[in-house]
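In this note's numbering, each residue carries its 1-based index in the sequence shown increased by 46. Beneath this line is the structure, given in C-alpha cells, with notes to follow.
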Amino acid sequence: MKKIFNVLMLVCAVVFTTNTLAQEPAKAKPKKFHGNPDYYLEVQGMHLFRNADKGLDEFPPMVNASTARKLALFSLDALHHDTRYDNSEAMREFCNSRMEKVVAEVRKPVKKGVKIFRVYNEGFVAKTKSVTIAFDLVRGTYLSRYKQFLGTDYRIVTDEQMEAIIEQCDVMFLSHNHTDHIDRWVVDKFIAAGKPVIAQSEILPNVEGVSHWRNEEGIYDSELVLKSGEKLQVKIFPGYQRQILNNVPVITTPEKYTVCHTGDQHDRKSTADWIATVKDNAPKIDALIINCWTNDILKTLKGFDARYVFTAHENEMGHTIDHREAYWLTFDKLKTTEYPFVVMSWGEWFLVK
Ligand SMILES: [Zn+2]
Ligand SMILES: [Zn+2]
C-alpha cells in the first residue's frame, strides 16, 4: 500500500512540475510559426544575420565585390531597414560578433601598407606599421523614437570593445558636430590617455585636450607629433555639411601612405571649387573614406583622385530608414566610376598595399 502511495506522489509531482512550466507562457517561446508571425520573423532574422556575418568572413572586402559578398551586404540592408530588428537579440549578436573581430584584428601589427578598418558608421581606423589613426569613432545607437519599446540604451559598439580599439589608436580626427560622429565618452578616453584629438572649431570648443585646426581661407597645413614621437603630415580642407563646418583631413603617415576622411561633406559650393583641386594640393591619396551620400559622388571622386575609395555612413541606425542608406544604393551610385572602391560592413577591414 505504501509503495502504491509513493508511486502516486511521484506521478503527481511530475504532473504538477510539468503544469507549472507550461503555465509560464511569458518566458516560453511560441512552439510553432503558424499564428505567430513575430516569432517567425525573429527566427528568420537570426538566420539572416548569422549567415550575413559568415558570408562577410568568407567573402571579405574586395574591389569588384562578388555576388556572394553582395548577397551578404544586401541581406544586411534589408535587416537594417526593418526597425523590428533594431536592438533585437539577432542584431545584438551580429554587432557583437563583428566588433569582436575588429578588436582582435586591430591589435595585430601591420607590416606593410595601410589597413583600413570600418568600425561603425563613419568611425574608421587607419593603421600602418608605425601609426594608428582614428576618425569619428562613436559607439552608435538606434533612433530614439524606435527605442521606446526596447527599454534599454543599447549601443552598437560596447564600452569594452571601444576601449580596446581606442587603446590601439594614437590620435583621433573629428569631422563635424553631429552626434553620429562625436561621442563625448570616446573623446574623453582619448584625452585621458594623452592622445591628441583634432577637430573643427565648433566641436567641444572649451575642452582641454581637443585641438581646433581649421583655416577658413584654405588649407590648414601642419605636422602632428604623436606621443610615440612619430610624425603625421596633415592638410585639412575646409568642408561643410550645409551650414556646419566639416573638416576634411588628408594625412600622410611616416611610411608615406596618405589617407583622407570626408566626414559628412555635403555642400554644392565647395564641391564646385576646393574639392576639384585636392589632387593638386595634397599628396596622392591611397585611401579615401567618403560618405556614400555626398553630393555628386562621381564628380567628387575625381577631385580626390584616390587609389582606393572606401564608402561610409551606410546603415546609420540613428537615422530614419529613408536616410539609413543601403549598400546596394552605394553600388548603384558607383557603377560607372573608374576608381576602385570597397564597400565594407561594420567590423571589416581591407589592406591597401
Ligand atoms: Zn553623419
Ligand atoms: Zn552630419
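All C-beta atoms, glycine included, are put in the ideal place defined by N, C-alpha and C. On a predicted model such as this, the values are computed, not experimentally measured, just so you know.
Kindly indicate the opening and closing residues of the alpha helix (DSSP H) around T346.
From DSSP, the alpha helix (DSSP H) with T346 extends over I343 to F350.
Just to confirm before moving on: does the CB-CB distance between E254 and I237 stay below 9 Å?
Going by C-beta atoms, E254 is nearer than 9 Å to I237.
D226: beta carbon under 8 Å from a heavy atom of ligand 1?
True, at least one ligand heavy atom lies under 8 Å from that Cβ.
For L344, count neighbouring C-beta atoms within 10 Å of its own C-beta (all shown protein chains included) and say buried if the count is 16 or more, exposed if not.
Exposed.
Secondary structure at N337, three-state DSSP: helix, strand or coil?
N337: strand per DSSP, three-state reduction.
Kindly give me the distance between the Cβ atoms of P329 and T304, rounded to whole angstroms, as I take these residues to be in contact under 8 Å.
The Cβ separation is near 5 Å, so the contact holds.
Got a sec, what are the start and stop residues for the beta strand (DSSP E) G169 sits in?
Element bounds for G169: G169 to K173.
What runs of the beta strand (DSSP E), each 3 residues or longer, lie entirely inside the region 211–237?
Fully enclosed beta strand (DSSP E) runs of 3 or longer: 217–219.
Report the residue from M137, K100, A114 and D99 whose alpha carbon sits nearest the alpha carbon of E88.
Considering only alpha carbons, the answer is M137.
Under 8 Å by Cβ, that's how I've got V148 and V165 pegged, so tell me the actual separation to the nearest angstrom.
With a Cβ gap of about 6 Å, V148 and V165 count as contacting.
By Cβ distance below 8 Å, which residues in the same chain neighbour E269 in space, the five residues on each side in sequence not counted?
So the list reads K277, L278, Q279 and V280, once near-sequence residues are dropped.
With respect to 8 Å, is the separation between the Cβ of G309 and the closest non-hydrogen atom of ligand 2 below this value?
Yes; taking the cut-off as 8 Å, the Cβ of G309 has a heavy atom of ligand 2 nearer than that.
Report yes if the CB atom of T308 is closer than 9 Å to the CB atom of S221, and no otherwise.
A contact, by the Cβ cut-off of 9 Å.
Helix, strand or coil for W395? Go by DSSP, reduced to three states.
Of the three classes helix, strand and coil, the one that applies to W395 here is strand, per DSSP.
Alpha carbon to alpha carbon, how far is E362 from D368? Give it in angstroms, no decimals.
In a straight line, the C-alpha of D368 is about 11 Å away from that of E362.
Less than 8 Å between the CB of H365 and some heavy atom of ligand 2, yes or no?
No; taking the cut-off as 8 Å, the Cβ of H365 has no heavy atom of ligand 2 nearer than that.
Taking a contact to mean a Cβ-Cβ separation below 9 Å, would you say M145 touches D182 in this structure?
In this structure, D182 does not lie closer than 9 Å to M145 by Cβ.
Pick from V355, W259, T366 and K315: whose alpha carbon is nearest that of Q289?
Considering only alpha carbons, the answer is K315.
Which of the three DSSP states is assigned to V389 in this structure?
Three-state DSSP puts V389 in coil, outside helix and strand.
Specify, as a first and last residue, the run of the alpha helix (DSSP H) that L189 falls within.
Looking at the DSSP string, L189 is not in any alpha helix (DSSP H), and its letter there is neither H nor E.
Helix, strand or coil: how does DSSP classify I331 here?
Note: I331 maps to coil in three-state DSSP.
Keeping to the same chain, check which residues put their C-beta closer than 6 Å to that of Q69; ignore five residues upstream and five downstream.
The predicted position of Q69 is uncertain, since its pLDDT is 36 and thus under 50; no value can be drawn from it.
Would you say the beta carbon of N293 is closer than 8 Å to some non-hydrogen atom of ligand 1?
N293: no, Cβ never under 8 Å from ligand 1.
Using 9 Å as the threshold, is the C-beta distance between D216 and I179 below it?
Yes. Within cutoff.
Would you call E168 buried or exposed, if buried means 16 or more other Cβ atoms sit within 10 Å of its Cβ?
Result: buried.
Q90 to T129, Cα distance in whole Å?
So the two alpha carbons sit approximately 15 Å from each other.
Reducing DSSP to helix, strand and coil, say where I162 ends up.
Residue state, collapsed to three classes: strand.
Alpha carbons only, please: which of T204, D229, H312 and K241 is nearest the one belonging to E213?
Closest by alpha carbon: K241.
Can you check which of these residues, L272, T383, L291 and E384, is closest to E263 by C-alpha distance?
For E263, the nearest C-alpha among the options comes from L291.
Suppose the cutoff is 8 Å on Cβ atoms and the five residues either side in sequence are ignored; what does the same chain contact list for K302 look like?
Result list for K302: P329, in chain order.
Buried or exposed: where does P347 fall if 16 or more other Cβ atoms within 10 Å of its Cβ makes it buried?
The sequence given here places Leu at residue 347; Pro does not occur at that position. Burial call: buried.
On the three-state DSSP scale, how would you describe E269?
The answer is strand: DSSP assigns E269 an E or B state.
Can you determine whether any heavy atom of ligand 1 sits closer than 8 Å to the C-beta of N337, and answer yes or no?
Correct: N337 has its Cβ closer than 8 Å to ligand 1.
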